[in-house]
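Have a look at the structure below before the remarks.
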């Protein structure tokens with residue numbers, strides 16, 4: 002038997018029942034209904050005794066695969082929940098059962114709700130934990146690239162149809178055609194970022210940012226800059242069908258720091274819950290909820306947040322988040338919205354995929370402490386963004 006053969010093919014197995022069915026592009030179907038939401042995601046989790054990868058795609062379902070180490074044994078597993086009708090589920094079970102040689106050495110079961118498979122092998126035949134984690138991270142990356150390409154293709158067809166019946170809108174009001182970006186853009190690469198150009202550039206428009214005077218001083222790089230982006234002096238335009246991955250991965254504890262950014266709401270920003278910027282574990286997250294501006298800075302099994310009424314202007318707004326080892330404060334246009342006890346500063350999440358700062362999207366994870374349980378998007382323009390951390394030269398983003 003090959004080393005950890007099952008973990009290596011976990012993604013293929015989770016989606017094996019899809020075949021050439023159109024549901025493989027279901028990640029772009031905003032009409033899909035599910036318990037997990039309308040957007041696909043892939044998250045890798047490191048555990049004390051192994052690792053797992055959680056994948057969700059609308060129209061296909063939710064799946065978890067992984068490996069656990071127990072003494073001299075390694076246990077590989079996959080659990081998949083179908084998001085289809087009973088007849089379609091039966092067909093998927095039949096397809097999987099036809100792959101009997103794949104399941105000969107393990108325990109496999111399949112029903113209208115989903116399937117599960119477990120195989121136990123000697124630990125000596127399994128990859129070690131770090132190798133498994135790298136495989137899973139690569140699998141997630143491949144999935145996200147596939148989803149982005151599927152969305153791009155679907156959007157191109159949709160845009161071609163709509164353009165024949167209406168005039169094209171100006172670039173400052175046209176939604177981006179991809180919800181996921183595999184590219185990062187940074188101005189200050191000295192802290193380990195890589196700079197590149199790709200699909201994300203389509204969200205950056207030629208309108209010049211002209212509201213720097215809202216801040217006490219201009220945002221620019223200095224000796225404490227951990228991350229800085231000003232979109233080359235232009236603005237970033239985000240609609241509900243698009244997000245921007247900053248490339249800033251806050252995967253180490255930070256006892257003190259400041260997050261600063263500018264945003265200008267679109268008309269449909271108000272009257273709903275709209276995310277601004279944050280990471281998926283809500284270890285650092287700013288969002289707006291029908292009149293309230295909220296800052297969340299979670300810790301392991303602890304929800305910490307501040308929420309209060311804030312006068313968000315329809316023009317440009319300037320937001321500051323300041324924290325140290327004791328307190329975190331939230332400011333809007335240089336007025337304090339509120340503060341909370343923090344006890345130790347920023348605490349990084351231990352789960353892969355929950356640390357990168359993202360603009361325009363937040364899954365339903367980790368917000369129940371603030372009384373919110375749904376995923377969020379946004380509709381707004383963004384100007385310069387900066388994260389400052391004293392001694393940031395010792396931090397690997």
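In this note's numbering, the protein residues as written are 2 to 398.
Cβ atoms here follow ideal geometry from the backbone N, Cα and C, with glycine treated the same way.
Since we're looking at a predicted model, the values are computed, not measured.
Annotation: the continuous beta strand (DSSP E) that includes residue 388 extends over 381-389. With at least 16 other beta carbons inside 10 angstroms of its own, residue 371 counts as buried. For residue 330, the three-state secondary structure derived from DSSP is strand.
As the crow flies, the alpha-carbon of residue 225 is around 5 Å from that of residue 389.
The C-beta separation of residue 83 from residue 93 comes to about 6 Å, placing the pair in contact by the 8 Å criterion. The DSSP-derived three-state label of residue 338 is strand.
The shortest C-alpha to C-alpha distance from residue 322 to any of 316, 384, 313 and 339 is the one to 339. Across the set 361, 95, 329 and 143, the C-alpha of 361 shows the shortest separation from the C-alpha of residue 279. In the displayed model, residue 260 falls within a strand according to three-state DSSP.
Just measuring C-alpha positions, the residue of 348, 208, 247 and 218 sitting nearest residue 297 is 348. Between the segment 315-329 and the segment 241-254, the count of C-beta pairs closer than 8 Å stays below three; the two stretches do not touch.
DSSP places residue 317 outside both helix and strand once states are collapsed to three, so it counts as coil. Annotation for residue 81: the continuous beta strand (DSSP E) segment containing it runs 74-83. The distance from the Cβ of residue 382 to that of residue 205 is about 10 Å, inconsistent with a contact at the 8 Å cut-off.
Excluding sequence positions up to five before and after residue 115, its CB lies within less than 6 Å of the CB of 81, 82 and 83, all in the same chain and listed in chain order. Counting the other Cβ atoms within 10 Å of the Cβ of residue 52 gives 16 or more, which makes it buried. Only residues of its own chain outside the window of five on either side were considered, and among them 380 and 381 have a CB closer than 7 Å to the CB of residue 267, listed in chain order. Secondary structure note for residue 120: its beta strand (DSSP E) is the uninterrupted segment 115-123. Of the candidates 73, 227 and 346, the residue whose Cα lies closest to the Cα of residue 50 is 73. In the displayed model, residue 298 falls within coil according to three-state DSSP, outside both helix and strand.
In the structure shown, residue 270 falls within a helical segment according to DSSP collapsed to helix, strand and coil.
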